[in-house]
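Protein sequences appear in the order of chains A and B. Last residue of the first sequence: 1316 in this note's numbering, with the numbers rising by one and none dropped. Last residue of the second sequence: 275 in this note's numbering, with the numbers rising by one and none dropped. Quick reminder that beta carbons are idealized off the backbone N, C-alpha and C, glycines included.
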Amino acid sequence: MFKKKWTVLLLTLCLALVAAGCGQKSNNGDKDTSSDGANKNGSDKVTVNFMHLWPEGVSAGQNKIVNQIITEYQNEHPNVKIKQEVLDNEQYKNKLKVLSASNQLPDVGVTWAAGFLQPYVEGKLFTPLDDLLGGELNGKFVNGTTEAYAVDGKTYGLPLEFNISPIYYNKAIFEKYNLEVPTTYDQFKQVVKTLSENGIAPITLGNKDRWTGSLWYMYLADRFAGQEALANAINGSGSFKDENLVKAANEVQALVDSNAFVKGFNGLSNEEAKSEFLNSKAAMYMMGTWELPNFTTNEDIPKEFRDSVGFFKFPTVDGGKGDINSWVGGPGVGLFVAENSKVKAEAKAFVEYFVEKWGEQAVTGAGVIPATKVDTSKLDLPQLYVDLFNEMSKASSITLFADVQMQANAAETHLNLIQSLFGKAVTPEKFSEEHDAAISKGN
Amino acid sequence: MDKVMSNKWIIALYVLPSLLLILAIVYIPIVLTGYYGLNKWNGIGAMNFIGLDNYQALIKDKLFWNSAGHSLLLAVFSGISLILYLIIAMVLSAKLKAVNLFRKIYLIPMLLSSVAIAQLWLKIFHPTNGILNSLLESIGFANPPAWLAEPSIVLFALFIPILWQYAGFYILIYYAALKNIPASLEEAAKIDGANAFQIAYKIKLPLAMEVIKVTIVLAVVGSLKYFDLIYVMTDGGPNGSSEVMASYMYHQAFRAYDFGYGSAIGFFLLVICLIVTWIIRKLTASKDTIQYS
């Protein structure tokens, strides 16, 4: 009897563990089938395959909008059937690579700009979409967004989102320690000092993912050396050995030394780092505007916290060449049409429709900032969102995320060097040298 | 029936389906991987035949040899931990109270998927609110390390869940091997006055030797090509201090878009595993296997 009880208990425990382990996965599975099922009506139609990365579990808002747009489109075009395939971000990237190696890309899919796009264009896998830009969508995009998707004068993707990266901060914590929003870098360092002396992690950073640390370096580089010097260094016409850029790298390590970043930041993922901020354990968090829903409309996060989130622009450095209205950011994902798609005309028409509808619905439904121009004055939007939206129109320049801008090989080196720089495994001088070497080597 | 099965053509016919599958899924890809390694290829566009350049670069690649060192260290550790598993299995195979319960407890990690284990240990190792550091702080360590962020300890911190993950598997194998030893041998030894240690060393160990050899190969080769927990928990970081060969291959192929180089690493990894297996077989080869019964 005793034995049997134990067996039952253990089996239950095992089951609980297994269930816990599989929870996430089976969730995703459900979503895939449900979104597939929603579109399985009718036959004898043209089928456009659409692969995207907004699973219901992770990006509920976007997923809903996608389904809405597809349903509307199918109602308006009864002969077209849009078949979705939904994957998570990382899996999506991997699958896209595998599919492209066997030349079986979906008719329409999601892509990133610049460096990500390049090999696909060189492999002649994406089709130019300039005809769409000249048509209905003419003048609808925010300046500087479609350019990031252009290779040799042709545009291969139409952007959906546009992001800049402010520093979000916890107003409640700032108030508690009588801190003011810093506008100069010296004030910023003072804020960091006060917070760390009081045992609060000043900045949360998930540098396991590396691009997160890259944001900090890029802002420092921008403020010390100016936007032009940074842009030139990244595109290879300048050099990372520029005195001010080395100074910026130095400053990263100085920040690390002053305990500005949360403990163990090089081992934390961005998600883990974010939860430090969401739990009010860290005072500041630099991230793209795609996080806005979490600070405005997401009901899963306590309202009290959401109300206490503010943002500020990266402060200027005394004697630095940067401008406070210069941002790091860039278009997020965009849509491509496969070159060897059998239904190219239908695919293009769908992309055109999608981009147009996305703009308006994304603002209200998902809280992301679209790459198309939207009149926000008519819409009822959270203040934080409107403020950032306005900042974007005031921006003096927007530098595209370094790892998106660089070619894959150089980007990988850049990201690894960022982690080493933060971990003090590389000197600022060596950091600059290796950047130059990687960029001049090309792919 | 015997007549049918002795016909060579019939045997060939029955073997054919799985042979074809294994050729298509395992051996042909291996050959292709070796071939891709001879090309400059970003995985998307056209391939560019460059001969042995990738392999030459690989030999000189410090980062690769670093990761190879980490893999080797893991192999050594999992080899050593086999001794511990063997001892545990011996204790479990004895007729003790609650042995059944412990056998089940040791098996549980095996039932978890790698990603679940990784998530679990990420929480344990969390620098500020992890169980481990909370515990250390409560017993007086003022500033416990951030386990997964310190280049000097991250590798060892990762070894713990990796070894823990496979403990149940090896204990199970050893347990089965020990249970297979006829009880009469043990009883005879007891009558002759052998103590527990002597029974373990002189009877159980030699009789389980064949199984132990297999597990050594499994553990070492498994460690050399190890990937999953490391990929989820640290992604080879920080600063590449937990990079192993398989994760380095993945990063080169899927992150840096260098499928040619990635394939070269993959092929080289295969060669290393084959060589190591061969060496282990040589070292552990005994002239004659012991048969007591």
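Using the beta-carbon of each residue, which ones in chain A are nearer than 8 Å to residue i?
i         : result
Thr216(B) : Lys1081 and Gly1140
Val136(B) : Gly1140
Tyr88(B)  : The premise fails here: Tyr88(B) is roughly 12 Å from chain A at the closest Cβ pair, so nothing lies under 8 Å.
His233(B) : Glu1285
Tell me the DSSP secondary structure of residue i in three-state form.
i          : result
Ile262(B)  : helix
Tyr1050(A) : coil
Lys1251(A) : helix
Leu1031(A) : strand
Leu1141(A) : coil
Ala892(A)  : Unreliable placement is indicated for Ala892(A), whose pLDDT of 48 sits below 50; the coordinate value is still reported in the next sentence. Looking at Ala892(A) - three-state DSSP - the assignment turns out to be helix.
Ser1270(A) : strand
Asn1036(A) : strand
Leu1(B)    : helix
Met215(B)  : helix
Ala1023(A) : strand
Lys184(B)  : helix
Trp(-9)(B) : helix
Lys22(B)   : strand
Val1190(A) : coil
Val983(A)  : strand
Val919(A)  : strand
Glu1265(A) : Reading off the sequence, residue 1265(A) comes out as Met, not Glu. Note: Met1265(A) maps to helix in three-state DSSP.
Met1091(A) : helix
Phe1304(A) : helix
Lys898(A)  : Reliability fails at Lys898(A), whose pLDDT of 39 lies under 50, so the model's placement of it is uncertain and the value that follows must be treated cautiously. Helix, per DSSP.
Looking at the unbroken beta strand (DSSP E) that takes in residue i, where does it start and where does it end?
i          : result
Pro928(A)  : Careful: Pro928(A) lies outside any beta strand (DSSP E) and carries neither H nor E.
Ile1040(A) : Ile1040 to Asn1043
Tyr1158(A) : Ala1155 to Met1159
Gln957(A)  : Val953 to Val959
Trp1200(A) : Ser1199 to Pro1204
Ile1076(A) : Ala1074 to Thr1077
Phe1295(A) : Per DSSP, Phe1295(A) belongs to no beta strand (DSSP E); it is in the alpha helix (DSSP H), Ala1281 to Phe1295.
Gly1183(A) : Val1182 to Phe1185
Check the C-beta distance from residue i over to residue j and give it rounded, since I have them as a contact under 8 Å.
i          : j          : result
Leu1208(A) : Val983(A)  : 6 Å
Lys1114(A) : Glu1306(A) : 7 Å
Thr1028(A) : Thr1018(A) : Going by Cβ atoms, the distance from Thr1028(A) to Thr1018(A) rounds to 10 Å, so no, they are not a contact pair.
Ala170(B)  : Met72(B)   : Not confirmed; about 18 Å, so no contact.
Asn1036(A) : Gly930(A)  : The Cβ separation is near 22 Å, so there is no contact.
Residues of chain B with CB closer than 7 Å to the CB of residue i, please, in chain order.
i         : result
Ser973(A) : Ile26
Leu998(A) : Ile26
Mind listing the chain A neighbours of residue i? Cutoff is C-beta to C-beta under 9 Å, in chain order.
i         : result
Phe141(B) : Within chain A, no residue comes near Phe141(B); the closest Cβ sits about 15 Å away, beyond 9 Å.
Leu130(B) : Lys1081, Gly1137, Asn1139, Gly1140 and Leu1141
Thr110(B) : Ala1074, Val1135, Lys1136, Gly1137, Glu1149 and Lys1154
Just reading off the alpha helix (DSSP H) that residue i is part of, what are its end residues?
i          : result
Gly61(B)   : Lys44 to Ser75
Gly1232(A) : Lys1217 to Gln1234
Ser116(B)  : Ile113 to Ser120
Leu1208(A) : First-last for Leu1208(A): Gly1207 to Val1210, but that is the beta strand (DSSP E), not the alpha helix (DSSP H).
Thr197(B)  : Met191 to Leu206
Ser166(B)  : Ala165 to Ile173
Gly150(B)  : Val136 to Lys161
Gly1007(A) : Asp1003 to Gly1007
Thr1169(A) : Leu1165 to Thr1169
Met92(B)   : Val81 to Leu93
Name the chain B residues whose beta carbon is nearer than 9 Å to that of residue i?
i          : result
Gly1202(A) : Per Cβ cutoff of 9 Å: no residues; Gly1202(A) is ~22 Å from chain B at best.
Ala1281(A) : Asn24, Arg237, Ala238, Tyr239 and Asp240
Pro992(A)  : Asn24, Gly25, Ile26, Gly27 and Tyr239
Asn948(A)  : Neighbours of Asn948(A) on chain B: none; closest Cβ ~36 Å, over 9 Å.
Asn952(A)  : Ordered by position in chain B, no residue passes the 9 Å Cβ test against Asn952(A), which lies about 32 Å from the chain.
Nearer than 7 Å: is that true of the beta carbon of residue i relative to any heavy atom of the ligand NAP?
i         : result
Gln234(B) : Judged by which ligands are present, the structure shown has none, so any question about the ligand NAP falls away.
Give me the chain A residues within the contact set of residue i, using Cβ-Cβ distance strictly less than 7 Å, ordered along the chain.
i         : result
Phe281(B) : Absent from the model: residue 281(B). The displayed extent of chain B is -17 to 275, so no value can be given.
Asn221(B) : Gln1292, Ser1293, Gly1296 and Ala1298
Pro133(B) : Gly1296 and Ala1298
Going along chain C in order, which residues have a C-beta closer than 7 Å to the C-beta of residue i?
i         : result
Glu995(A) : The chain labelled as chain C is not found among the protein chains of the depicted structure, namely A and B.
Does the segment 131 to 138 of chain B come close enough to the segment 213 to 223 of chain B to have 3 or more Cβ pairs within less than 8 Å? The segment 131 to 138 of chain B, when compared against the segment 213 to 223 of chain B, does touch it at the 8 Å Cβ threshold.
Whether or not the segment 188 to 201 of chain B and the segment 1241 to 1253 of chain A are in contact is what I'm after, with contact meaning three or more pairs of Cβ atoms, one per stretch, closer than 8 Å; do they touch? The segment 1241 to 1253 of chain A vs the segment 188 to 201 of chain B: no contact.
Is it the case that the segment 1232 to 1245 of chain A contacts the segment 1067 to 1076 of chain A, given that we only count it when at least three CB pairs across the two stretches are under 8 Å? Flag = no, the segment 1067 to 1076 of chain A and the segment 1232 to 1245 of chain A do not touch.
Tell me, please, whether the segment 1171 to 1183 of chain A touches the segment 1095 to 1109 of chain A by the rule of three or more beta-carbon pairs shorter than 8 Å. By the Cβ criterion, the segment 1171 to 1183 of chain A is not in contact with the segment 1095 to 1109 of chain A, since fewer than three pairs of Cβ atoms, one from each stretch, lie closer than 8 Å.
Three or more beta-carbon pairs under 8 Å between the segment 1275 to 1295 of chain A and the segment 1215 to 1230 of chain A, yes or no? Output reads no: the segment 1215 to 1230 of chain A does not touch the segment 1275 to 1295 of chain A.
Sufficient close CB pairs (3 or more, under 8 Å) joining the segment 46 to 62 of chain B to the segment 223 to 238 of chain B: Touching, per the Cβ criterion.
Pairing CB atoms from the segment 165 to 179 of chain B with CB atoms from the segment 137 to 144 of chain B, are three or more of them under 8 Å? Because the criterion of three Cβ pairs below 8 Å is not met, the segment 165 to 179 of chain B and the segment 137 to 144 of chain B do not touch.
If you pair each beta-carbon of the segment 1072 to 1082 of chain A with each one of the segment 1124 to 1144 of chain A, do three or more pairs fall below 8 Å? Taking 8 Å as the limit for Cβ pairs, the verdict is that the segment 1124 to 1144 of chain A does touch the segment 1072 to 1082 of chain A.
Counting Cβ pairs, one atom from each stretch, are 3 or more of them under 8 Å apart for the segment 1125 to 1132 of chain A and the segment 1293 to 1304 of chain A? The answer is yes - the segment 1293 to 1304 of chain A touches the segment 1125 to 1132 of chain A, with three or more Cβ pairs under 8 Å.
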